[in-house]
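Chains Y, E and W are the protein sequences, given in the same order.
Counting in this note's numbering, the first sequence runs without a single skipped number right up to 550 at its last residue.
Counting in this note's numbering, the second sequence runs without a single skipped number right up to 398 at its last residue.
Counting in this note's numbering, the third sequence runs without a single skipped number right up to 238 at its last residue.
Glycine included, C-beta positions come from ideal geometry on N, C-alpha and C.
First up is the structure itself, then whatever we jot down about it.
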Amino acid sequence: MSLFINIQEGEDQLPEVTSDKGRLLWISSVDHKQLGIMYLWLALFFFIIGGLEAMLIRAQLAVGDNDLISPEFYNQLFTMHGTTMIFLVLMPALIGLATYLIPLMIGANEMAFPRLNAFSFWMTCLGGFLMYFSFFAGGAPDAGWFNYAPLSESNYSSTQGVDYYLVGLILTGMGSIGAGLNFVTTILTLRSPDIKLNMLPLFAWMIFINGFLILAAFPLLNAGLFMMLIDRQFDAHFFIPSSGGSAILWQHFFWSFGHPEVYILALPAFGIISEVIPVFSRNKIFGYKFVAASTVAIALLAFGVWVHHMFAVGMTNTVNGFFAASSMLIGIPTGVKVINWIGTLYKGSIRMTVSMMFAVAFLIDFTIGGLSGASFAIVPIDWQLTDTYYVVAHIHYVFLGGTAFGIFAGIYYWFPKISGRFLSEKLGKWHLWLFVIGFNFTFLVQHVLGILGMPRRIYTYPSRFGSWEIFNMISTLGAVMMFVAIAVFLWNLFITLKKPRTAPKNPWEAWTLEWATNSPPDLKNFEEVPRVHSRRPLWDLANPDNPDKRLN
Amino acid sequence: MINTDFFITPDNWSFAGIILSVLVIAAYLLFLKTKTSQKAYFIVTVTLLYVSFGSPIALLRDYGLHSLTMLQHIVLLMIAPILFLKSIPSNTILFSEKFKLNILQQPKNYYLMFWWLSAVMMWGGHFLSAGILSAETGTAICGITATKDSWITAIPESLILSLLFIAGILFALPVFNPVKSKRIAPLKSVIYLFTACVSCSLLGLYVAFSASTDTLNSSLTAFTTLRSPVPLTLRADQELAGMLMWVPGCILYVLASVSILLSWYEENPVEKSETAIHTAK
Amino acid sequence: MKDKGKLLMLLMIGSETFFFIALIIGYVYYRNFTEATDTVAQHLDAVRAGIFTLFLIASSGTLMISKRALNKENFKGFNIFLLLSIVLGIVFITGQVTEYIGLYQEQITLSKDVFGSSFFTLTGFHGFHVILGILALLILLIMSLGKLRRVSIAGFGGVEVYWHFVDVVWLFVFYFVYITPLL
Chain Y
-1 MSLFINIQEG
9 EDQLPEVTSD
19 KGRLLWISSV
29 DHKQLGIMYL
39 WLALFFFIIG
49 GLEAMLIRAQ
59 LAVGDNDLIS
69 PEFYNQLFTM
79 HGTTMIFLVL
89 MPALIGLATY
99 LIPLMIGANE
109 MAFPRLNAFS
119 FWMTCLGGFL
129 MYFSFFAGGA
139 PDAGWFNYAP
149 LSESNYSSTQ
159 GVDYYLVGLI
169 LTGMGSIGAG
179 LNFVTTILTL
189 RSPDIKLNML
199 PLFAWMIFIN
209 GFLILAAFPL
219 LNAGLFMMLI
229 DRQFDAHFFI
239 PSSGGSAILW
249 QHFFWSFGHP
259 EVYILALPAF
269 GIISEVIPVF
279 SRNKIFGYKF
289 VAASTVAIAL
299 LAFGVWVHHM
309 FAVGMTNTVN
319 GFFAASSMLI
329 GIPTGVKVIN
339 WIGTLYKGSI
349 RMTVSMMFAV
359 AFLIDFTIGG
369 LSGASFAIVP
379 IDWQLTDTYY
389 VVAHIHYVFL
399 GGTAFGIFAG
409 IYYWFPKISG
419 RFLSEKLGKW
429 HLWLFVIGFN
439 FTFLVQHVLG
449 ILGMPRRIYT
459 YPSRFGSWEI
469 FNMISTLGAV
479 MMFVAIAVFL
489 WNLFITLKKP
499 RTAPKNPWEA
509 WTLEWATNSP
519 PDLKNFEEVP
529 RVHSRRPLWD
539 LANPDNPDKR
549 LN
Chain E
118 MINTDFFITP
128 DNWSFAGIIL
138 SVLVIAAYLL
148 FLKTKTSQKA
158 YFIVTVTLLY
168 VSFGSPIALL
178 RDYGLHSLTM
188 LQHIVLLMIA
198 PILFLKSIPS
208 NTILFSEKFK
218 LNILQQPKNY
228 YLMFWWLSAV
238 MMWGGHFLSA
248 GILSAETGTA
258 ICGITATKDS
268 WITAIPESLI
278 LSLLFIAGIL
288 FALPVFNPVK
298 SKRIAPLKSV
308 IYLFTACVSC
318 SLLGLYVAFS
328 ASTDTLNSSL
338 TAFTTLRSPV
348 PLTLRADQEL
358 AGMLMWVPGC
368 ILYVLASVSI
378 LLSWYEENPV
388 EKSETAIHTA
398 K
Chain W
56 MKDKGKLLML
66 LMIGSETFFF
76 IALIIGYVYY
86 RNFTEATDTV
96 AQHLDAVRAG
106 IFTLFLIASS
116 GTLMISKRAL
126 NKENFKGFNI
136 FLLLSIVLGI
146 VFITGQVTEY
156 IGLYQEQITL
166 SKDVFGSSFF
176 TLTGFHGFHV
186 ILGILALLIL
196 LIMSLGKLRR
206 VSIAGFGGVE
216 VYWHFVDVVW
226 LFVFYFVYIT
236 PLL
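Structure below.
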């Protein structure tokens, strides 16, 4: 038995290797590593813009009876903030990490369809910039990120903003579908011959499942978006109740996509956490099969719960009751995962790097988000709290405290691999503490605001509501802390990227295949792929006396 | 209120059915060597069949309860067949080499056909039953209005139910075949079940949404309370039918998929082939 | 699966299925679950559409024959039947275009009411997919006339699956748009 096997791909499948790393080489690149990095830069760019929008919103809400910005502009701000953060920050960041890492993790040199990969990236990019172009074309979309009809129809929303929203999301949606197709085909066809499907690292497994979720969810959104675009541009009547259409149908289309989308954003973050926590607690993941199988359960159940976003629409108790039950059920597989992560930490020799600390922050804040989510599955509570700041707090605990913390954990973890340099741990800790404390300051109090009855999306509120003013001020101060934290993070990136490359191949003593390549990997990832017999190939190589159980 | 008398009146429990069930169970226990769990599965299967065909619950459909028909369909098409296949020992003659029926011998090769067959049976069975109910009760059910002397009333309901059960067995065969080697690959069976789940969801969606068509009659409680031992308004009944197919129907397949995957993750082809050699010896 | 082109196409078809399910749900929703009466159905000629449906089904059949010819390396037969599939596809599209013209002359338009909207959106998106399929088949034909035989064999699997998919989608569209109003 030889230690190494030759990889079966021919040389000509790779893009040309040249020393000139000019701009043209990046723009025309079909290499998964370059595209992954570009995805991450795109996400960072829009993260800064979306963050600035959030700061403006918080500044406006800091005190009552404020008129810092106009109501029209405020509507545009919260719509663009939501749309940007979900479709142009979290999606590209997760897809970018996956594009970069999936071929490395399965011992491949490329994605299955490199040009489709580039196409997906440029579609996402085009969609994002097109949406932002609306600011220069008479006004950005202003009907909220879920764009409810009939408010978003041309008789109520007369600027071109919503059209830009529709076209932009159709384009990014196509990009996401392309990425989903590519992930699934890559994992099915390009695995190193040793790697069976049940030996995938958890991140790769979750991206695999996520690929199917993307493929099933995005077409539903696209269909709705196309119908609304036809409504607005060709005077059709799909979602206009006054001429026979149905506004509820838009809600069904949007949320039958929207709820799976929550999991499309959560599953890859779960995958990152499932890589980071075992490595930094020097333990095998506790209950691999439960973490992996619960992913499938989440993906399948995700399509049977969307009506809980619409409890307030006025459906009957029968329908509400069933969806309340199924929404509760989907909490079970998620809870199983949290328990497994905690089980992995148990008795581990934990190394508190910034990456690990973000993972722990994820565990805590995502659980809070999950619990407030479960409270929404209870119909009467939903009726009371729907469209209040409680919802805002919940969505931010899930997307920011969950997905974004997961992404930060992943960035700090894989940064040495991607760039060959270590992000400063000292600045990283400043980033972490400021961000986590600021985050909880901002959004924990919003639960209370919601219970006090403050509706979401209001431009301002009377300053005589004393408690509202206090809580909103706390919230704004927290947002400022997060703003500073991101400035620290950017500074950290800036100084790190100027340092020389010093990272060794496997700085964290991790176990998955991407750490067997150079840091950063050569343009051709693997000259030869190590033999893989278990889920932790590098552990087996480092500990030949005590290998994991063979799986092939 | 639910009329409990209806359920405890002995007349409403089919005596012949009980005798038959007991005989079948006794025959199973006497003639087949099986594990305890398999015995339990078989008893549950027969009980479910009895409840669907011969208990007061089966009689409830005379009161035009659409949700009840749906429940029968779910039990017969989705639940009972899986339990039934789990209770059959792998050395039964039906699945052995002697029995020269290719469909049972190599269900792997026919899984697409089985899938479509059961999907057609599910949708067709649903609309036929809804039509019969509509003809018998004179109300619109699931958007179907059939007259009393329509051709549809000529079809016996038990025929539809039996066909559903057979279609359910054929559907479950590629995934839950008693002979493990004749099952389709685990990931394939997850996709097989998931696509079936999509089909169930669409039917459930359709049935649940049909409820909003009939507006006034359907929300009057008196309309059905007077007749049925289980009072439901037409609308609630209709929605219940749809939701039963949509939500629990899907969760059933999700559970099946997860249990298949859980054993697949630990699968080791080396060990598997070694045990195969041992058993061959 | 070794043929990644065909695998990609199968996955994309799965994804497209959800797209068309959404559009069909729209149509069924307006007709069955609202109080409105279908104003388009009475202007549709199911027999005429049925004849054009046969053309589309026939094109799937000829494509299968041409695939068989390709496997036997009978390139002449392959080209002839591929061309025939393209022609049949174009006949179908012509039928759809003339139907649209007829409906517009009867004042049935996209903006007339919700049924006009759903009819033209659903059949229009299907027609768009047929046109894409015709283009793909044309590219295959042009390539097979040159010397790129291996490439065309590799691409053929995907395009063939796509073409059958477009065919099957039409059967569902035909059923829901043309047949159910008659039932």
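Three-state secondary structure assigned by DSSP to residue i
i, result
"T342 of chain Y", "helix"
"P295 of chain E", "coil"
"V527 of chain Y", "strand"
"G84 of chain Y", "Here residue 84 of chain Y is Ile; the residue named in the question, Gly, does not match the sequence. I84 of chain Y: helix per DSSP, three-state reduction."
"I386 of chain Y", "Looking at the sequence shown, residue 386 of chain Y is not Ile but Thr. Strand, per DSSP."
"L343 of chain E", "Low per-residue confidence applies at L343 of chain E: pLDDT is 48, beneath 50, and the placement is therefore not dependable enough to give any value."
"P545 of chain Y", "coil"
"P505 of chain Y", "coil"
"I193 of chain Y", "coil"
"W143 of chain Y", "coil"
"P453 of chain Y", "strand"
"I261 of chain E", "strand"
"F237 of chain Y", "coil"
"K167 of chain W", "coil"
"M204 of chain Y", "helix"
Through-space distance from residue j to residue i, alpha-carbon basis
i, j, result
"N64 of chain Y", "T458 of chain Y", "6 Å"
"A477 of chain Y", "P414 of chain Y", "29 Å"
"F170 of chain W", "I76 of chain W", "17 Å"
"G62 of chain Y", "R454 of chain Y", "14 Å"
"W412 of chain Y", "P217 of chain Y", "32 Å"
"T72 of chain W", "Y230 of chain W", "16 Å"
"T187 of chain E", "L65 of chain W", "Reading the sequence as shown, one finds Met at residue 187 of chain E and not Thr. About 33 Å."
"R123 of chain W", "D546 of chain Y", "49 Å"
"L164 of chain Y", "L88 of chain Y", "19 Å"
"Q32 of chain Y", "S417 of chain Y", "11 Å"
"D122 of chain E", "H445 of chain Y", "50 Å"
"S150 of chain Y", "S370 of chain Y", "29 Å"
"W489 of chain Y", "I405 of chain Y", "18 Å"
"P331 of chain Y", "F364 of chain Y", "14 Å"
"G142 of chain Y", "I456 of chain Y", "12 Å"
"I348 of chain Y", "N338 of chain Y", "16 Å"
Proximity to residue i [Cα-Cα], best of the options
i, options, result
"A372 of chain Y", "Y:V389, Y:I212 and Y:L195", "Y:V389"
"S154 of chain W", "W:T92, W:F227, W:A101 and W:L111", "What sits at residue 154 of chain W in the sequence shown is Glu, not Ser. Of W:T92, W:F227, W:A101 and W:L111, the residue nearest in Cα terms is W:A101."
"S374 of chain E", "E:P348, E:V307, E:L357 and E:M360", "E:V307"
"G426 of chain Y", "Y:T494, Y:F374 and Y:L23", "Y:T494"
"W428 of chain Y", "Y:I409, Y:A402, Y:M480 and Y:V396", "Y:M480"
"M109 of chain Y", "Y:A202, Y:G48 and Y:I25", "Y:A202"
"W232 of chain E", "E:C317, E:F326, E:I377 and E:W268", "E:C317"
"L247 of chain Y", "W:T235, W:Y233, W:V83 and W:I194", "W:V83"
"G367 of chain Y", "Y:S347, Y:A391, Y:T384 and Y:I379", "Y:A391"
"A221 of chain Y", "Y:M350, Y:L200, Y:A245 and Y:F252", "Y:F252"
Can you pull out the residues from the segment 299 to 311 of chain Y whose beta carbon lies closer than 8 Å to at least one beta carbon of chain E? L299, F301 and G302
Against chain E: residues of the segment 175 to 206 of chain Y by CB proximity under 8 Å: If the cut-off is 8 Å between Cβ atoms, the segment 175 to 206 of chain Y has K194, L195 and N196 near chain E.
Residue ranges of each alpha helix (DSSP H) run of no fewer than 4 residues wholly in the segment 121 to 148 of chain E, ordered along the chain? Here the runs fully enclosed are 121 to 125 and 132 to 148.
In chain order, what residues of the segment 227 to 248 of chain E put their CB closer than 7 Å to some CB of chain W? none
Can you pull out the residues from the segment 497 to 513 of chain Y whose beta carbon lies closer than 7 Å to at least one beta carbon of chain E? none
Give, in chain order, every unbroken run of the alpha helix (DSSP H) that is at least 4 residues long and sits entirely within the segment 314 to 380 of chain Y. 315 to 343 and 352 to 374
Select from the segment 62 to 83 of chain W all residues with a C-beta closer than 9 Å to any C-beta belonging to chain Y, and list them in chain order. L62, L63, L66, M67, G69, S70, E71, T72, F73, F74, F75, I76, A77, L78, I80 and G81
Output, in sequence order along the chain, the residues in the segment 229 to 251 of chain Y whose CB is closer than 8 Å to any CB in chain W. D229, F232, D233, A234, H235, F236, S241, G242, G243, S244, L247 and F251
Taking only beta carbons into account, state which residues of the segment 323 to 342 of chain Y come closer than 9 Å to chain E, listed in chain order. A323, S324, L327 and P331
Taking only runs that begin and end inside the segment 380 to 437 of chain Y, name each unbroken alpha helix (DSSP H) of 4 or more residues, in chain order. 387 to 396 and 403 to 417
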